[in-house]
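Numbering (full-length UniProt numbering), first residue to last: 1 to 667.
For each residue, glycine too, the CB sits at the ideal point set by N, CA and C.
Data first, discussion second: the structure below is written as structure tokens.
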Amino acid sequence: MAVVMVSASTGVMNSLMRKLTTLMGEEYRRLKNVHKEVASLRDELSSMNAFLERLADTDELDVQTKEWRNHVREMTYDIEDCTDDFVHRLYIDGADDKDGFVHEITRRLKDLRARHKIAKQIRDLKARVQQVSERRTSAYPEDDYIHRDDLVRQWVAEGFVSAIHQRDVEEVAGSYFNELINRSMIQPLYTDNNGDVLECRVHDMILDLIVLKSAEENFFTVVAGDDDLRSAVSGARHEVRRLCHRPTAGAAIATAATTASAAHIRSFVFSGQCSLMVPLNRFKFLRVLNLHVVQSSGAGGGDVDLTSICRLFHLRYLKVTTSENARAQLPEQIRGLQHLETLEVHGDLAGGAIPSDVVHLPRLSHLIVPGSTRLPEGIGSMRSLRTLEVLRVDLTSMDGLKSLGELASLRSLGVWCFGEDRAQQPELWDTFWSSIASLASHGLRGLTLFGPLLPPAAMDMAGRPLLPVAEYRLQTLDAQLWLFHGVPQWIGQLRRLHRLDLTVNSLRKDGVDALAALPALLYLCLRAVCPPRRWLVVGAGGFPALVDFFFTCSAPRLAFKEGAMPKVKCIHLTFHAHGAELFGPVLEHLAGLRELPSLELLSATIGTGEADIEETMAAEGALWRAFMNHPRNARVHTQRADGLTSDFFDVADGDDHDGSGVDLELM
Numbered sequence: 001m002a003v004v005m006v007s008a009s010t011g012v013m014n015s016l017m018r019k020l021t022t023l024m025g026e027e028y029r030r031l032k033n034v035h036k037e038v039a040s041l042r043d044e045l046s047s048m049n050a051f052l053e054r055l056a057d058t059d060e061l062d063v064q065t066k067e068w069r070n071h072v073r074e075m076t077y078d079i080e081d082c083t084d085d086f087v088h089r090l091y092i093d094g095a096d097d098k099d100g101f102v103h104e105i106t107r108r109l110k111d112l113r114a115r116h117k118i119a120k121q122i123r124d125l126k127a128r129v130q131q132v133s134e135r136r137t138s139a140y141p142e143d144d145y146i147h148r149d150d151l152v153r154q155w156v157a158e159g160f161v162s163a164i165h166q167r168d169v170e171e172v173a174g175s176y177f178n179e180l181i182n183r184s185m186i187q188p189l190y191t192d193n194n195g196d197v198l199e200c201r202v203h204d205m206i207l208d209l210i211v212l213k214s215a216e217e218n219f220f221t222v223v224a225g226d227d228d229l230r231s232a233v234s235g236a237r238h239e240v241r242r243l244c245h246r247p248t249a250g251a252a253i254a255t256a257a258t259t260a261s262a263a264h265i266r267s268f269v270f271s272g273q274c275s276l277m278v279p280l281n282r283f284k285f286l287r288v289l290n291l292h293v294v295q296s297s298g299a300g301g302g303d304v305d306l307t308s309i310c311r312l313f314h315l316r317y318l319k320v321t322t323s324e325n326a327r328a329q330l331p332e333q334i335r336g337l338q339h340l341e342t343l344e345v346h347g348d349l350a351g352g353a354i355p356s357d358v359v360h361l362p363r364l365s366h367l368i369v370p371g372s373t374r375l376p377e378g379i380g381s382m383r384s385l386r387t388l389e390v391l392r393v394d395l396t397s398m399d400g401l402k403s404l405g406e407l408a409s410l411r412s413l414g415v416w417c418f419g420e421d422r423a424q425q426p427e428l429w430d431t432f433w434s435s436i437a438s439l440a441s442h443g444l445r446g447l448t449l450f451g452p453l454l455p456p457a458a459m460d461m462a463g464r465p466l467l468p469v470a471e472y473r474l475q476t477l478d479a480q481l482w483l484f485h486g487v488p489q490w491i492g493q494l495r496r497l498h499r500l501d502l503t504v505n506s507l508r509k510d511g512v513d514a515l516a517a518l519p520a521l522l523y524l525c526l527r528a529v530c531p532p533r534r535w536l537v538v539g540a541g542g543f544p545a546l547v548d549f550f551f552t553c554s555a556p557r558l559a560f561k562e563g564a565m566p567k568v569k570c571i572h573l574t575f576h577a578h579g580a581e582l583f584g585p586v587l588e589h590l591a592g593l594r595e596l597p598s599l600e601l602l603s604a605t606i607g608t609g610e611a612d613i614e615e616t617m618a619a620e621g622a623l624w625r626a627f628m629n630h631p632r633n634a635r636v637h638t639q640r641a642d643g644l645t646s647d648f649f650d651v652a653d654g655d656d657h658d659g660s661g662v663d664l665e666l667m
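In structure tokens form, the structure reads like this:
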């Protein structure tokens, strides 16, 4: 299916049309005189928008048409700013300045008509407008990683994307991103097991083209190095709408003349010393704010004052990244940011907390904060949340943990816990796992468990089954940093799970069987602290969809029968050279690897710390012998890790080390 792409001009026009339609809705019925005027404006703008969409399919622009299109774009920006300001004043103090609002946008429209009358032959002219999603990448330096989620959320915040055919705006924006990948405009760097690109970069030649076209179309203005920000902003032919400022240490500090030109900027990306940044309170109509701030050389650290963002009433996307010697100081209250959709902070926060009234932001969809952050009470009222990272279990009240399960829109949750006294309370974890069960039944897609190893109380509760729901929607579970006694029973209920990172104290047959029965599992990273007492055999039909398998254990006592792992392409083993001696011919029994029909690579990392050269060579030789004569001539790759000692695996003295166990019958 063809992806609907939008141009720079039609993107902002569509955003304005939606807002004018809202002004005609029930909420604004009391503004009687506005309805008629807004309806007339919307109809006229609709005809302009239809023409702009026709221009997007053509190849050349003559001077007259290009000039007209540019004025339409700038007029649309200004009318949208007027509309946003009008609605905001109604929300704040009930001001009913409808006459001034209608007069202003009507004046701009008439001015456009007077200067640019559209002749009949104009519909035969051809023009091609560079796609808005391509231009957005001009804000990223050459060779920089671009995170898919960052880009998609900024498109949504700017209003470039509309819901289509029962798909929400983030899904549609994701399809635009995929279109850029397919057209080789951006290069994929990291892809998940479903084939979805999570990180990418822009090739230098493509970036040069995008920056050039962005400047030509007044889409994005990039000021980098020692370039003069004042001349770039004040000397522009049109008002600068989107600014990326990456100054070096020797760049000039923003002046009053520069900051006066910031009022019309809708998107601001900054990377550099905080002393060189334009004061944030100058950005009256800002929608996207992306800051990567470092302290000035020799400043010795301190707080980066961001308290003025509380006055950015139109802000929809806020991302702040601070250097190691700096802390972000957010305002005490941000309740006025009623349009905010994304709040993302990387680095330390002054006071270790976010504003308590964040729970009153009705549109907040993505809340991402450092693991040391204490979240305010009332999280359960944030019904629009789709992403929550990171929740500190040990710093959250019982009521907060209970209300967590009420976030029916939540799709991704990151959890952090330290082994402090409160984290040892069974009732705390009972409430936590009950909320996780509720979220999994609502539609939670991804769960990540950060932090040190799980405290004993949490391990006990984690082994209990979840609530008796027919099917859970969880697709990814990253629990590699939390230590479970064994494979939790409830993991076997996750029929849609396609990615799993799991660390267990001991691995038993029932745990392997539960994992092997997961029908959608594509990626499995499994770490067993203690080696299995008995051989663990993956039987026919086990792991039917698995593609990548990572297994870490001092002695990988695994075997595969014919029909097991039919789709696995890569197996990565991490074990210690002592394993081959302590547990008998362990690796020799991996001969079942020959039965894996799709295997392309066997990779092994062998811990050689505390092992002599004979033990290391014996382990490598056993691995090669186990894989000889594979029917697909798959590759074998081994590497030694001198720093990997037996302590890494924490082999328990009480385990059975003599190689005894159930008989193994390899096909």
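Practice item. On the DSSP bridge assignment, give the partners of residue 166 in chain order. Key: Position 166 of the sequence shown, counting from 1, holds the residue named residue 166. Per DSSP, none; premise fails for residue 166.
Point to revise | Boundaries (first-last residue) of the alpha helix (DSSP H) holding residue 431 | key: If you number the sequence shown from 1, residue 431 lands on position 431. Start and end: 426-442.
Exercise for review: Indicate the three-state DSSP secondary structure (helix, strand or coil) for residue 614 in the structure shown.
Suggested key: Within the sequence shown, the letter at position 614 stands for residue 614. Three-state result, residue 614: helix.
Check your understanding: Per the contact definition of three or more C-beta pairs closer than 8 Å, is the region 352-370 in contact with the region 329-338?
Key -> yes
Exercise for review: Quick one: give me the first and last residue of the beta strand (DSSP E) that residue 539 is part of.
Suggested key: The residue labelled residue 539 in the question sits at position 539 within the sequence shown. No beta strand (DSSP E) holds residue 539; DSSP gives it neither H nor E.
Check your understanding: Does the region 318-327 come close enough to the region 179-197 to have 3 or more Cβ pairs within less than 8 Å?
Key -> no
Review point. Within this structure, are the beta carbons of residue 193 and residue 472 separated by less than 8 Å?
Key: Locating residue 193 in the sequence shown gives position 193, counting from the first residue. Locating residue 472 in the sequence shown gives position 472, counting from the first residue. Cβ atoms of residue 193 and residue 472: not closer than 8 Å.
**Study point:** Residue closest to residue 18, alpha-carbon to alpha-carbon, out of 439, 155, 83 and 285
**Key:** Numbered from its first residue, the sequence shown carries residue 18 at position 18. The shortest C-alpha separation from residue 18 is found at 83.
Practice item. Could you check which residue in 409, 535 and 394 has the C-alpha nearest to that of residue 367? Key: In the sequence shown, residue 367 corresponds to position 367, counting from 1. Cα-wise, what sits closest to residue 367 is 409.
Check your understanding: Going by DSSP, which residues form a beta bridge with residue 187?
Key -> Working through the sequence shown from its first residue, we reach residue 187 at position 187. Looking at the DSSP assignment, residue 187 forms a beta bridge with 201.
Practice item. Taking 8 Å as the cut-off, decide whether the C-beta atoms of residue 521 and residue 500 are in contact. Key: Numbered from its first residue, the sequence shown carries residue 521 at position 521. Numbered from its first residue, the sequence shown carries residue 500 at position 500. Against a cut-off of 8 Å, the Cβ pair of residue 500 and residue 521 comes out as a contact.
Exercise for review: Please go through the same chain and pick out, in chain order, the residues whose beta-carbon is closer than 8 Å to the beta-carbon of residue 295, but skip the five residues on each side of it.
Suggested key: The count along the sequence shown starts at 1 and reaches residue 295 at position 295. Result list for residue 295: 273, 274, 301, 302, 304, 323, 325 and 326, in chain order.
**Study point:** Those residues which DSSP pairs with residue 379 across a bridge
**Key:** Walking along the sequence shown from the start, residue 379 turns up at place 379. Per DSSP, none; premise fails for residue 379.
Review point. Quick one: Cα of residue 306 to Cα of residue 516, how far?
Key: For this step, residue 306 is matched to residue 306 along the sequence shown. For this step, residue 516 is matched to residue 516 along the sequence shown. Those two C-alpha atoms are separated by around 50 Å.
Exercise for review: Using only alpha-carbon positions, find the residue among 445, 504 and 357 that is nearest to residue 477.
Suggested key: Against the sequence shown, residue 477 aligns to sequence position 477. Among 445, 504 and 357, the Cα nearest to that of residue 477 is on 445.
Check your understanding: Helix, strand or coil: which one does DSSP assign to residue 498?
Key -> Here the question's residue 498 lines up with position 498 in the sequence shown. Coil.
Review point. Where does residue 290 land, buried or exposed, given buried means 16+ other C-beta within 10 angstroms?
Key: Translated into positions along the sequence shown, residue 290 becomes position 290. Per the 10 Å Cβ criterion, buried.
Practice item. Could you tell me whether the Cβ atoms of residue 222 and residue 229 are closer together than 8 Å? Key: Residue numbering aside, residue 222 sits at position 222 when the sequence shown is read from its first letter. Residue numbering aside, residue 229 sits at position 229 when the sequence shown is read from its first letter. Cβ atoms of residue 222 and residue 229: not closer than 8 Å.
Point to revise | Coil, strand or helix - residue 319 by DSSP | key: Residue numbering aside, residue 319 sits at position 319 when the sequence shown is read from its first letter. Strand, per DSSP.
Exercise for review: Look at the alpha carbon of residue 20 and the alpha carbon of residue 525, and state the distance between them as a whole number of angstroms.
Suggested key: Locating residue 20 in the sequence shown gives position 20, counting from the first residue. Locating residue 525 in the sequence shown gives position 525, counting from the first residue. Residue 20 and residue 525: Cα-Cα distance of roughly 51 Å.
Review point. Nearest-angstrom Cα distance between residue 352 and residue 372?
Key: Position 352 of the sequence shown holds residue 352. Position 372 of the sequence shown holds residue 372. In a straight line, the C-alpha of residue 352 is about 7 Å away from that of residue 372.
Exercise for review: Within its chain, find whatever has a CB closer than 6 Å to the CB of residue 395; leave out the 5 residues flanking it on each side and keep chain order.
Suggested key: One-based indexing of the sequence shown puts residue 395 at position 395. These residues qualify, in order along the chain: 374.
Review point. Exposed or buried, what is residue 540 when buried is set at 16 or more other beta-carbons lying within 10 Å of its beta-carbon?
Key: Position 540 of the sequence shown holds residue 540. Flag for residue 540 reads exposed.
Check your understanding: By the 10 Å Cβ neighbour count, where 16 or more other Cβ atoms means buried, how is residue 510 classified, buried or exposed?
Key -> In the sequence shown, counting from the first residue as 1, residue 510 sits at position 510. Exposed is the call here.
Review point. Nearest to residue 440 by alpha carbon, out of 608, 391 and 497?
Key: On the sequence shown, residue 440 is found 440 positions in, with the first residue counted as 1. Comparing Cα-Cα distances from residue 440 to each of 608, 391 and 497, the minimum goes to 497.
**Study point:** Proximal residues to residue 15 (C-beta, below 8 Å), its chain only, five neighbours per side dropped
**Key:** Along the sequence shown, one-based indexing puts residue 15 at 15. Around residue 15: 80, 158, 159 and 160.
Point to revise | For residue 385, the nearest candidate out of 376, 412 and 392 (CA to CA) | key: Numbered from 1 along the sequence shown, position 385 holds the residue referred to as residue 385. The candidate whose alpha carbon is nearest that of residue 385 is 412.
Review point. How many angstroms separate the CA atom of residue 398 from the CA atom of residue 154?
Key: Against the sequence shown, residue 398 aligns to sequence position 398. Against the sequence shown, residue 154 aligns to sequence position 154. So the two alpha carbons sit approximately 35 Å from each other.
Point to revise | the region 563-579 in contact with the region 602-622 per 3-pair CB rule at 8 Å | key: yes
Review point. Among residues of its own chain, excluding the 5 on either side of residue 147, which ones have a beta-carbon nearer than 8 Å to its beta-carbon?
Key: Position 147 of the sequence shown holds residue 147. Answer for residue 147: 198 and 199, listed in chain order.
Review point. Are the CB atoms of residue 380 and residue 341 nearer to each other than 8 Å?
Key: Position 380 of the sequence shown, counted from the start, is the residue given in the question as residue 380. Position 341 of the sequence shown, counted from the start, is the residue given in the question as residue 341. Cβ distance not < 8 Å, so residue 380 and residue 341 don't count as in contact.
Practice item. For residue 637, count neighbouring C-beta atoms within 10 Å of its own C-beta (all shown protein chains included) and say buried if the count is 16 or more, exposed if not. Key: Position 637 of the sequence shown holds residue 637. Exposed, because fewer than 16 other Cβ atoms sit within 10 Å of the Cβ of residue 637.
Check your understanding: In three-state DSSP terms, what is residue 121?
Key -> Position 121 of the sequence shown holds residue 121. Note that residue 121 scores 30 on pLDDT, short of 50, meaning its location in the model is unreliable and no value can be drawn from it.
Exercise for review: Can you grab the Cα-Cα spacing for the pair residue 537 / residue 329, in whole Å?
Suggested key: Translated into the one-based positions of the sequence shown, residue 537 becomes position 537. Translated into the one-based positions of the sequence shown, residue 329 becomes position 329. If you take the alpha carbons of residue 537 and residue 329, they lie about 55 Å apart.
Review point. Is residue 212 buried or exposed, if buried means 16 or more other CB atoms sit within 10 Å of its CB?
Key: Here residue 212 corresponds to residue number 212 of the sequence shown, with the count starting at 1. Residue 212 is exposed by the Cβ-count criterion.
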